[in-house]
Structures are given as C-alpha cells and as structure tokens.
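The sequence shown lines up with residues 1181 to 1603 when you count with the numbering used here.
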Amino acid sequence: MSRLPFELLLALRYLRPKRTFVSVITLISVLGVTLGVAVLIIVISVMTGFDRQLRDKLLGFNAHLRIVARGGNVENYSALAAVVRSNAHVRGVAPFVMGQVLLESHPPAGQSLVAAPWVRGVEPEAEARVSTLLTNVFTGSADLNGRGIIVGRDFAETMQLMVGDRVSIFSPSALKRMKAARDGDKARAVLPDDYEVRGVFDVGYYEYNSAFVLTSLENAQELYDLGDTVHGLIVMLDNPEMAGVVRQELFPALGHDYRIVLWTEENSALLNAIAVEKNVMFYLLFFIMIVAALCILSALITFVVQKTREIGMLKALGATGRQISGIFLAQSAFVGAMGVVAGFGLGLLAVHYRNEFLRFMRDATGWQLFPAEIYGFGELPALVIPQDVAIICGGAFIICLFGGVIPAWQAGRLKPVEALRHE
C-alpha cells in the first residue's frame, strides 16, 4: 500500500486525464504557467544580458571613476595619478583631455563635410590600462604619433572617412582667434590644424562610435591651449561595484579641490531606464501567471461542484474539513509545480538556443528581429541569474497555490448531509 496521505492520493487521481471540461481547463492552466515561467525567464535573462553587455561597453569607454578639478584644469597630474594609484582597488589611472571641435572632411567626390565631434586626448600606454578604446580599432592602427587621429565607425561613415584621409580641425582657441580677428577688422588668416585618419574604432555603442575622435594627449592639449595641464583623470578599479567605496577612500587624500564622479552617475539616465524597463516587463509578464491561477481557480470551483457528493461521502466516513481542503490545495500545487518545472526547462532551453532561433527566423523570413546596426551586438545577449529564476519560479508556484485557496475552503466547509443530497 502507498504511504502517501489520502489527500495526495485523491489529488493525483483527480488530475488523471479525462475527457471533461475540467480536464481541459486544468491542461490550459498548466500550459499557462509553463508559458508564463518560460517567457519571464527568457525576457529577464535577455534584458539582464543586454544590461551587462551595455555596462561592459560603457566601462570600456569611461572606466569607473573620473577625477576633475573643481576650479579648472588638473595641474601636476602625474603626482595626482600616483596618489590615486596607491589605493589597493585601483588597476589603472590615465589623464584625459576632452572637448568639442569643428572637423571638416574632404571626400574625393562631393563637397566638404563639417561636424562637431568630441575629441578625446589620451596617453596610449596609460589608456590601455583603463579602457578598451585602442584595442577596438578594427581598421588601420592605433598609432596616434604626430598628427594622427582615430575615429568612431559611425562617424567615419557619416563623414565618408577612410584610413589615410586628411581632415581639418578647428580648435576652440582657433575659433576665438578668428572671432578676435573679425572683431578687430584684422586681415589675418587663422588656419585649422590638419590631421590624418590612422584608424577606425568600434566599441559596440552607437553614441560613442558616432561622436568621438581620439588623438594623443599632446595634440589635445595643443588644441585647447592647456599647456601641461589636463581636464582630468579616469580610473579603472578591480571591481566596478567598489566605486563608491573607493571614492570615499580617496576624498581625504585628494582634498576638496577635486571632484570624483562615479560611472553610475555619468550613465545614470541610461542605466535607470534599462532597470525600469526590466521591472515593467517583469510585472507585465507576471500577469500571465495570474491568468493561469484564475484558470486553476475556475477549474477547481467547477470540480468541487462536480464532486460534491463524493466530498459528502468522504466527510461521512470521517474525513475532516482540513483534509478535504488539502485535496484541492494539493491539486493546485501539482498543477503549479508541473507548470513551473516545464516552464523552467523550456525557458532555459530557449535561452540556450536563442541565437539559433533568431538565425532560423532570419533565414526563413528574411526579417532580423534584433538588427546589429540598431542594438549594437552581433548576437542576442543573455545572462541567467539564479536569483531571478528562483523569484520567477517561486512566485509562479505561490500564485498557483493561492488559486486553489478559495475552492479548497469551499470544499472544506461543505456539510456531509447537504453534500450527499446534492444532485
């Protein structure tokens, strides 16, 4: 004989497939929970992967901390970098100069094109320790010696630039001299600086690829008449989550003359938008499980009505109201468990083969769901976090369990005499 409590035995017996309306609703409930759990795992994993990949791209460009002077430029930046480098969590420190210029390209055919990109001046050796910029050059080289520049991929396409082309850059100081010459009515020409395109970089993020130009620190200092000063330092840490702690540790050493900006503060709008989208998708998709729970509720209420005489017989034989309620709670638990387990497996399977599915859809329909030129990645990113999966599966099971509370309570309070008289 089975050692299972009779509540569980009856619950399993009632769940056996039968050609009844209740069985159809039960099957729909299991499918609803399965799809709800699977879709939630897929969507949350993809959004988490996208968020992680975007963070990596942002940190590959901006590092973890940015140190700037409160009243102007950073003087004696080598000594300041040595102080910052003494912190145990710091992996690298690099000076930078960054600002906008006017850039004019000279395509072989057509008129000259003018844009106002951001120029970032870097020290190649130090920059390699704090960012991935110089390692993401896919055409040409990362040579910034002399009058050399590296441009972003989308900027190069917009300005029709290729490696070896020459461009003219009007620096802010040159524009000021032009204005002064014009205001003073002096017939003095102010010539731009000529630079050669040495390479094209692609960091996988359109905002950077379309708006930034790299050059040597010396060139940028000359463009902005900075002398031996820089605009600030960027700092790479061993763990980006330690940025806030490191800032507090650096404040006493640097004093109040410097401001330290975290990477989360620089990109707060974008990161917050992604977090909000992820939460909204989570709550919206969770309604699928609520619908499935309502199906369970409907099926069990109908089942209680159909089995009223059997419930009366069980109570007449000595079954308590709690045991009768346990039968229907066990049914909802079994339905929820089957849906959660099936959804868990289907969700992980879909996440694992997501890119194969996208390639199949592209080959079959010619329609690309996530174009690389828009989203900035060649394959759909995904990251399965066990905590998220546990919340999804646990939440779905609890919702399904609650779906059986009302029918179980209704069945448990039936009186034997009234139940046996039920037609």
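By construction, the Cβ of each residue, glycine as well, lies at the ideal position given by its N, Cα and C atoms.
Small disclaimer: the values here were computed from a predicted structure and weren't measured.
Local conformation of residue i per DSSP, three classes
i, result
"Met1342", "coil"
"Gly1384", "coil"
"Thr1319", "strand"
"Leu1560", "coil"
"Glu1303", "coil"
"Ser1225", "helix"
"Ala1274", "strand"
"Leu1480", "helix"
"Val1393", "strand"
"Arg1235", "helix"
"Glu1284", "strand"
"Val1520", "helix"
"Glu1457", "helix"
"Ile1330", "strand"
"Ser1353", "helix"
"Glu1536", "helix"
"Ala1570", "helix"
"Arg1246", "strand"
"Trp1589", "helix"
"Val1294", "strand"
"Gly1583", "helix"
"Ser1311", "coil"
"Glu1376", "strand"
"Ser1266", "coil"
"Gly1279", "strand"
When the options are compared against residue i, the one with the closest alpha-carbon
i, options, result
"Met1278", "Asn1267, Arg1300 and Ala1296", "Arg1300"
"Leu1245", "Asp1236, Glu1445, Asn1389 and Leu1451", "Glu1445"
"Ala1354", "Leu1403, Phe1462, Gln1511 and Phe1381", "Leu1403"
"Arg1489", "Phe1318, Ile1414, Gly1240 and Ile1504", "Ile1504"
"His1411", "Glu1255, Cys1475 and Phe1524", "Glu1255"
"Pro1304", "Trp1298, Trp1443, Leu1526 and Val1317", "Val1317"
"Tyr1388", "Leu1238, Leu1563 and Gly1519", "Leu1238"
"Asp1345", "Ala1289, Trp1298 and Ala1522", "Ala1289"
"Pro1287", "Trp1443, Ala1336, Arg1502 and Phe1276", "Ala1336"
"Asp1236", "Arg1427, Trp1547 and Val1310", "Val1310"
"Gly1407", "Thr1214, Val1564 and Tyr1257", "Tyr1257"
"Lys1458", "Val1226, Ala1218 and Thr1214", "Val1226"
"Val1377", "Cys1475, Pro1587 and Thr1319", "Thr1319"
"Pro1561", "Ala1308, Leu1465, Ala1530 and Met1469", "Ala1530"
"Gly1584", "Gly1516, Val1217, Ile1329 and Val1426", "Gly1516"
"Ile1565", "His1269, Pro1587, Pro1432 and Leu1528", "Leu1528"
"Leu1413", "Val1456, Leu1581, Val1273 and Val1331", "Val1273"
"Ile1507", "Gly1379, Leu1282 and Pro1587", "Pro1587"
"Leu1477", "Thr1500, Phe1582 and Ser1390", "Phe1582"
"Glu1307", "Phe1230, Ser1292, Leu1324 and Trp1298", "Leu1324"
"Gly1379", "Thr1395, Ser1448 and Pro1372", "Thr1395"
"Val1521", "Val1217, His1269 and Ser1512", "Val1217"
"Ala1390", "Pro1297, Ile1440 and Cys1475", "Sequence inspection shows Ser at residue 1390; the Ala mentioned does not correspond to that position. Answer by Cα proximity: Pro1297."
"Val1263", "Glu1284, Phe1524, Gly1229 and Glu1429", "Glu1429"
"Pro1352", "Val1281, Phe1524 and Ile1470", "Val1281"
Local Cβ density within 10 Å of residue i, reported as buried at 16 or more and exposed below that
i, result
"Ala1549", "Checking the sequence shown, residue 1549 turns out to be Leu, not Ala. Exposed is the call here."
"Ala1367", "In this predicted model, Ala1367 has a pLDDT of only 49, less than 50, meaning its place in the structure is not dependable; the value taken from the coordinates is given anyway. Looking at its Cβ environment, which holds fewer than 16 other Cβ atoms inside 10 Å, Ala1367 is exposed."
"Glu1421", "exposed"
"Met1604", "Beyond the ends of the chain as shown, which are 1181 and 1603, falls residue 1604; an answer cannot be given."
"Met1339", "buried"
"Gln1233", "buried"
"Ala1453", "exposed"
"Met1541", "exposed"
"Tyr1533", "exposed"
"Asp1418", "exposed"
"Asp1437", "exposed"
"Glu1536", "exposed"
"Pro1432", "exposed"
"Val1425", "exposed"
"Arg1333", "buried"
"Val1456", "exposed"
"Leu1215", "buried"
Assumed close pair residue i, residue j - CB separation to whole angstroms, cut-off 8 angstroms
i, j, result
"Tyr1375", "Val1347", "5 angstroms"
"Asn1253", "Thr1409", "4 angstroms"
"Val1223", "Met1461", "5 angstroms"
"Leu1397", "Val1248", "Not a contact, Cβ separation roughly 16 angstroms."
"Ile1221", "Ala1479", "Not quite, the Cβ-Cβ distance comes to about 25 angstroms (not below 8 angstroms), so this is no contact."
"Ala1473", "Ile1572", "With 8 angstroms as the limit, Ala1473 and Ile1572 do not qualify as a contact, their Cβ atoms being about 14 angstroms apart."
"Met1416", "Arg1271", "5 angstroms"
"Ile1330", "Phe1276", "Actually they are not in contact, since the Cβ atoms of Ile1330 and Phe1276 sit about 14 angstroms apart, beyond 8 angstroms."
Any chain D beta carbon closer than 8 angstroms to residue i
i, result
"Gly1584", "As a matter of chain content, chain D is missing from the structure shown, which is built from one protein chain."
Check: residue i C-beta below 7 angstroms from any heavy atom of the ligand FMN
i, result
"Pro1561", "Of ligands this structure carries none, so the ligand FMN is not represented either."
In chain order, which continuous runs of the beta strand (DSSP E) of length 3 or greater are located wholly inside the stretch 1396-1452? 1412-1417 and 1438-1442
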